[in-house]
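J.: Okay, handing you the structure first.
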Amino acid sequence: MKLKHSLATSVSLMAMLTANVALADAHMAELEAAALAEGMLTTIALPHDWCGYGAVIEGFKAKYPGITVNELNPDAGSADEIEAIKANKDNTGPQAPDVIDVGLSFGPSSKAEGLLQPYKVSTWDEIPDSIKDAEGYWYGDYYGVMSFLVNKDLVANTPADWADLLKPEYAGQVALAGDPRASNQAILAVHAAGLGKGAAAGADAGKAGLEYFAEMNKAGNFVPVIGKAGTLAQGATAIVVMWDYNALAARDTLAGNPPVEVVVPTTGTQAGVYVQAISAFAPHPNAAKLWMEYIYSDEGQLGWLKGYCHPARFNAMVAAGKVPQELIDALPPAASYEAAYFPTLEEVDANKVAVVEGWDATVGANVQ
Amino acid sequence: MICPSHRAGAGIDDKRPAEGLRFTNVTGAARMPDQTTARHRVRRRLPLHWLGLVPFAAFATLFLIMPTMKIVLGAFQTPEGALTFDNIRGLNTDLIRSAYWISIKISLVSALLGCAIGFAMAAAVVLGGLPKWIRGPLLTFSGVASNFAGVPLAFAFLATLGPLGMITVFLKTQLGVDLRALGFNLLTYYGLVIVYLFFQIPLMILIITPALDGLKREWREAAAMLGATGPQYWRMVALPILFPALLGTFALLFANAFGAVATAFALAGPAFSLVPITLFSQIRGDVLGNPQLGFALAFGMILITGVANGIYIWLRARSERWLK
Amino acid sequence: MMRVWSWGALLFGLAYFFLPLIGMAQFSLKARRGEYSFDAYAKVLADPQFQQTFSYSVVMALFTIVFGVLLVVPTAYWVRLKLPGARPYIEFITLLPLVIPAIVIVFGYIRLYNTSSWLPLTGSATGTNILLMMGYATLALPYMYRAVDTGLRTIDVGTLTEAAQSLGAGWVTILARVILPNVLVAVLSGAFLTFAIVIGEFTMAALLNRPAFGPYMQLLGSNRAYEPAALAVIAFGITWACMGLIQLVTRFSKHERARQ
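Residue numbers (our numbering), protein chains in the order written: chain L, 1 to 368; chain C, 1 to 324; chain A, 1 to 260.
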């Protein structure tokens with residue numbers, strides 16, 4: 001009797017699962033057809049060296065050759081992406097972005113401004129709750145920790161911590177990797193500096209970070225230029241504060257010419273999460289949804305992993321054994337991630353407001 | 001940048017088409033109206049003639065005048081369209097004031113130095129007794145260099161004077177001079193001046209050479225006959241004559257430097273506090289947090305470059321009087 | 001004495017100009033650590049984005065030149081022939097692009113021709129390309145007009161027109177087969193200058209988000225170390241080629257006229 005009961009249960013369970021899978025497959029097929037009908041996807045702010053986006057986009061293009069990927073402004077910061085959505089509200093042309101990849105704090109603020117549309121990908125449940133919006137307007141995609149990228153040709157002693165960067169030997173060498181009024185990377189770098197000074201996470205760390213950079217600017221160590229692999233190698237910015245995945249990717253690009261070192265600061269170790277979202281005014285909403293499905297599939301997530309990022313489904317995928325060992329080994333050491341502080345949504349929000357509004361006034365890094 | 005070879009013909013006056021030929025025209029029948037319809041013809045001729053300018057007028061209006069007017073008017077409007085001075089007043093922040101000041105400083109200094117050095121080089125070639133064959137290549141090179149602005153120029157200077165640049169490394173390894181330690185940095189206003197001079201000096205050479213050509217040898221000889229020494233000739237004859245051209249070109253160089261965005265952007269990125277770059281970042285990402293501020297910034301730019309170019313045009317007209 | 005000063009000024013100036021060019025060339029050869037190599041050039045030329053953006057800019061330049069010639073030559077001719085009184089006003093308009101910075105013009109385009117306006121040019125890739133071409137034509141207008149105007153000055157427009165009309169030519173024939181060949185040198189000068197301008201242009205292409213060569217160079221500049229210097233050498237070579245061609249063409253025409 002019990003056997004029959006359990007057999008029946010398992011059969012119905014199987015049926016339900018198959019039905020679910022069948023439903024999901026049908027949904028995907030529908031989505032693919034609709035996306036192919038639209039024929040184009042407009043992305044923004046996706047540098048090819050960031051989290052291996054170059055390979056991810058190529059993978060998407062290879063899987064769906066009928067969809068042209070129109071890449072806008074790879075150098076855009078998170079605020080630039082939001083502005084692009086706002087500026088193109090009535091525009092259905094190729095300047096209007098379909099999908100955005102912005103810092104965690106930019107997710108809720110854009111949702112509040114009505115700039116996003118909700119969508120839950122098929123692997124929704126494997127994304128940790130703390131980094132996604134319950135209604136599906138935005139969802140975490142990857143994370144990393146803040147680090148320093150150091151040009152060993154120009155810097156004899158590698159700095160180990162935030163306090164080191166204020167030393168006179170690093171005069172005119174330290175730069176942020178973005179505009180602190182628009183780039184999430186730079187805004188969180190300021191926050192991390194504040195954490196390094198011992199302030200509490202959130203608005204306090206934001207203000208402390210601003211004071212830190214004001215001090216650095218006065219000492220003459222700060223370079224008001226956006227630091228990248230190119231400027232680092234050319235010598236204009238010998239030390240750049242950027243995410244570890246960007247630093248590692250830059251190290252690979254430069255291939256030893258010049259030799260660089262990637263350092264995670266001992267205090268003020270901070271992790272940062274980015275989120276994906278679809279624009280409410282997306283000219284190609286189905287292509288956008290298909291893109292989301294792709295990047296949250298195993299293929300997409302592994303693509304990010306190859307770019308040294310920890311994708312959102314990392315823990316679930318490792319538990320399911322979907323991640324090849326070499327990729328795990330190539331990642332930065334897990335120790336820094338254990339020590340890293342993951343700021344909450346409220347904290348990054350408060351920090352963003354403090355930094356964006358206070359940068360010009362407090363630091364005011366102008367041309368001399 | 002102004003093409004050199006064509007400026008030489010600046011003095012030739014325009015003459016009306018040879019009217020005397022009209023009555024010998026074979027198709028005179030079509031062209032020679034009889035008296036009764038003469039006035040009719042005259043009245044109808046004018047509009048038809050103006051039609052020929054329609055394509056140009058349409059192009060200029062749609063793609064030059066209207067966009068500019070949109071910006072100028074937008075500087076005085078709220079998002080809803082009401083008239084306001086708030087946007088202009090919003091320019092009065094530390095960041096924007098210092099951006100304007102730095103831009104003006106760089107433009108002034110690079111224009112001044114460009115004038116001085118360009119004048120010296122042009123004078124050396126035209127009046128300085130150098131071999132004649134130097135002039136042609138110098139003018140050609142000036143044409144090239146004055147167009148070599150923008151992104152590649154920034155790379156060239158980074159590769160030369162940047163921290164790992166050729167000269168920096170040479171000075172450090174061969175002469176033990178550390179430019180960095182001495183405080184030299186391309187990303188200061190004087191560093192940018194050095195970069196801007198690369199297209200300012202050639203522009204000066206191109207524009208002032210025809211003016212120097214116009215300095216007649218007879219004046220020099222007459223001055224010598226009256227007992228003037230070299231410096232006196234320059235002080236009392238040549239420079240006063242050249243003055244309008246010099247000042248006018250100075251104004252042109254100033255406007256040229258003020259509007260240049262690509263070079264500085266390539267050197268320093270979107271966060272650099274120069275007016276054109278701030279405007280660029282504002283258009284792209286509203287970094288100043290106020291969309292209307294972009295209009296005001298742009299209006300300020302137009303005002304400054306407009307005044308400078310107005311001076312140039314006025315002075316050019318005056319200088320051409322003497323040098324015809 | 002004056003000779004010394006002259007030579008001094010000239011050599012100082014030339015040193016200032018040549019050192020960055022040499023520095024740029026030298027830096028571009030240092031891609032391989034410790035030895036000179038053309039690696040940077042190889043990487044750049046093999047980059048598909050380089051090929052895409054460069055060909056895009058070349059095509060845009062050609063379209064701009066054709067449009068510019070079609071706009072400027074008939075206008076300059078007409079003004080010279082029939083409306084000499086309008087010349088100062090036309091000249092003033094052609095000088096406006098030198099007064100109004102390119103960034104302001106493109107800002108105006110973005111605000112004026114978005115999809116909610118009566119001329120929604122930014123609503124499609126083709127529309128934006130057309131807008132960009134108009135922007136380029138505006139930037140090149142002063143030089144094109146001045147070149148063509150000077151060229152027209154040297155020929156007797158009135159006589160040529162009368163003669164052609166007496167032989168029964170219509171306006172198009174006059175322009176295409178009588179006027180244009182005579183001002184070809186001037187037109188070519190303007191064309192080469194336009195080419196140089198369009199290839200290197202950054203601001204308009206960047207703000208209109210078109211895949212042109214200028215934004216590509218800037219992007220590479222921040223992300224790569226040695227390739228930007230290689231690109232700068234290539235860009236300088238192109239500018240030099242354009243100017244050299246102008247000189248060649250002008251000298252060619254001088255010989256022809258002397259022979260006449």
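We treat Cβ as the ideally placed atom computed from N, Cα and C, and that holds for glycine.
Please read these numbers as outputs of a predicted model, since none were measured by experiment.
Mapping the DSSP letters down to three states, classify L:VAL356 as helix, strand or coil.
T.: Correct three-state label for L:VAL356: helix.
J.: Look at the Cβ atom of L:GLY235, then the Cβ atom of L:VAL56, and state whether they are nearer than 9 Å.
T.: Not closer than 9 Å, so no.
J.: Which residue spans inside the region 141-208 of chain C form an unbroken alpha helix (DSSP H) run of at least 4?
T.: Segments of the alpha helix (DSSP H) lying fully in the region 141-208 of chain C: 151-161, 166-174.
J.: So that I know if they touch, is there some Cβ in chain L lying closer than 9 Å to that of A:GLY237?
T.: No, because no Cβ of chain L sits closer than 9 Å to the Cβ of A:GLY237.
J.: Give a yes or no on contact between the region 187-195 of chain C and the region 302-320 of chain C, applying the rule of three or more CB pairs nearer than 8 Å.
T.: No, they do not touch.
J.: Does the region 174-187 of chain L come close enough to the region 223-241 of chain L that 3 or more CB-CB pairs lie under 8 Å?
T.: Short answer: they touch.
J.: Using the C-alpha atoms, what's the distance from L:GLU326 back to C:VAL329?
T.: The displayed coordinates of chain C run from 1 to 324. Any statement about residue 329 of chain C would go beyond what the structure contains.
J.: Please give me, in chain order, every unbroken run of the beta strand (DSSP E) with length at least 3 that falls completely inside the region 293-358 of chain L.
T.: Whole beta strand (DSSP E) segments, 3+ residues: zero.
J.: Taking only beta-carbon positions, decide if C:GLY28 is within less than 9 Å of chain L.
T.: The pLDDT assigned to C:GLY28 is 39, lower than 50, so where the model puts this residue is not dependable, and the model offers no usable value.
J.: Is it right to say L:LEU248 is buried, meaning 16 or more other beta carbons lie within 10 angstroms of its own, or is it exposed?
T.: Per the 10 Å Cβ criterion, buried.
J.: Report the residue ranges of all alpha helix (DSSP H) runs contained in full by the region 28-80 of chain A; include only those spanning at least 4 residues, in chain order.
T.: As far as the region 28-80 of chain A is concerned, its whole alpha helix (DSSP H) runs of at least 4 residues are 39-46.
J.: Among A:ALA212, A:ASP39, A:VAL148, which has the Cα closest to the Cα of A:VAL187?
T.: Answer by Cα proximity: A:VAL148.
J.: Using the Cα positions of C:PHE250 and C:PRO202, report the straight-line distance between them to the nearest angstrom.
T.: When rounded, the distance between both Cα atoms is 13 Å.
J.: Does DSSP put A:THR250 in a helix, in a strand, or in coil?
T.: Here A:THR250 sits in helix by DSSP.
J.: Under 7 Å between beta-carbons, which chain L residues line up against C:PRO270? List them in chain order, please.
T.: Those within 7 Å of C:PRO270 in chain L are ASP179, ILE226.
J.: Quick one: does C:THR173 have its CB under 9 Å from some CB of chain L?
T.: Not closer than 9 Å to any Cβ of chain L, the Cβ of C:THR173 fails to qualify, so no.
J.: From the beta carbon of A:THR214, is the nearest beta carbon of chain L less than 9 Å away?
T.: The sequence given here has Gly at residue 214 of chain A, not Thr. No, A:GLY214 does not count as interfacial toward chain L.
J.: How many whole angstroms separate the CB atoms of L:ALA45 and L:PRO74, which I take to be in contact at a CB cut-off of 8 Å?
T.: Indeed, because the Cβ distance is near 6 Å, the residues count as touching under 8 Å.
J.: Can you tell me the Cβ-Cβ gap for C:LEU64 and A:LEU96, rounded? I've got them flagged as a contact below 8 Å.
T.: Yes, they are in contact, since the Cβ atoms of C:LEU64 and A:LEU96 sit about 6 Å apart, within 8 Å.
J.: Where does L:TYR238 fall in DSSP's three states?
T.: Residue identity check: residue 238 of chain L is Ala in the sequence provided, not Tyr. In the structure shown, L:ALA238 sits in coil (DSSP, three-state: anything other than H, G, I, E or B).
J.: What does L:ASP49 touch in chain A if you count any residue whose Cβ is under 7 Å from its own?
T.: Those within 7 Å of L:ASP49 in chain A are ASN223.
J.: Would you tell me roughly how many angstroms separate the C-alpha atoms of C:ILE167 and A:GLY190, rounded to the nearest one?
T.: Roughly 36 Å separates the two Cα atoms.
J.: Does the region 283-299 of chain C come within contact of the region 72-90 of chain L, defined as at least 3 CB pairs closer than 8 Å?
T.: In short, these stretches touch, since the Cβ pair count reaches three.
J.: Using 8 Å as the threshold, is the region 301-321 of chain L in touch with the region 50-64 of chain L, meaning 3 or more CB pairs across them?
T.: Yes: at least three Cβ pairs fall under 8 Å.
J.: Using a Cβ-Cβ distance cut-off of 9 Å, determine whether A:SER37 contacts chain C.
T.: Chain C contact via Cβ: absent.
J.: Under the three-state reduction of DSSP, which class applies to A:VAL183: helix, strand or coil?
T.: Note: A:VAL183 maps to coil in three-state DSSP.
J.: Among the candidates A:PRO181, A:TYR113, A:GLY214, A:GLN218, whose CA atom is the shortest distance from the CA of A:VAL58?
T.: Looking at the Cα atoms, A:GLY214 is the closest of the given residues.
J.: What did DSSP end up calling C:PHE85 once you bin it into helix, strand or coil?
T.: It is coil, neither helix nor strand.
J.: Are L:THR344 and L:ALA201 closer than 9 Å when you measure CB to CB?
T.: In this structure, L:ALA201 lies closer than 9 Å to L:THR344 by Cβ.
J.: Between the region 111-121 of chain A and the region 164-184 of chain A, are three or more C-beta pairs nearer than 8 Å?
T.: Result no; under three Cβ-Cβ pairs closer than 8 Å.
J.: For the region 12-70 of chain L, list the alpha helix (DSSP H) runs that are entirely contained and at least 4 residues long, ordered along the chain.
T.: Here the runs fully enclosed are 53-63.
J.: According to DSSP, simplified to helix, strand and coil, what is A:ASN129?
T.: Correct three-state label for A:ASN129: helix.
J.: Among L:SER147, L:SER279, L:ALA350, which one has its Cα closest to the Cα of L:TYR337?
T.: Answer by Cα proximity: L:SER147.
J.: If we count the other Cβ atoms within 10 Å of its Cβ and call it buried at 16 or more, is A:TYR36 buried or exposed?
T.: Counting Cβ neighbours within 10 Å, A:TYR36 comes out exposed, since fewer than 16 surround it.
J.: Under 8 Å by Cβ, that's how I've got C:ALA111 and A:ILE93 pegged, so tell me the actual separation to the nearest angstrom.
T.: Rounded, the Cβ-Cβ distance is 25 Å, inconsistent with contact.
J.: According to the neighbour-count rule (16 or more other Cβ atoms, all chains shown, within 10 Å of its Cβ), is L:TYR139 buried or exposed?
T.: Classification of L:TYR139: buried, given that the 10 Å Cβ count is 16 or more.
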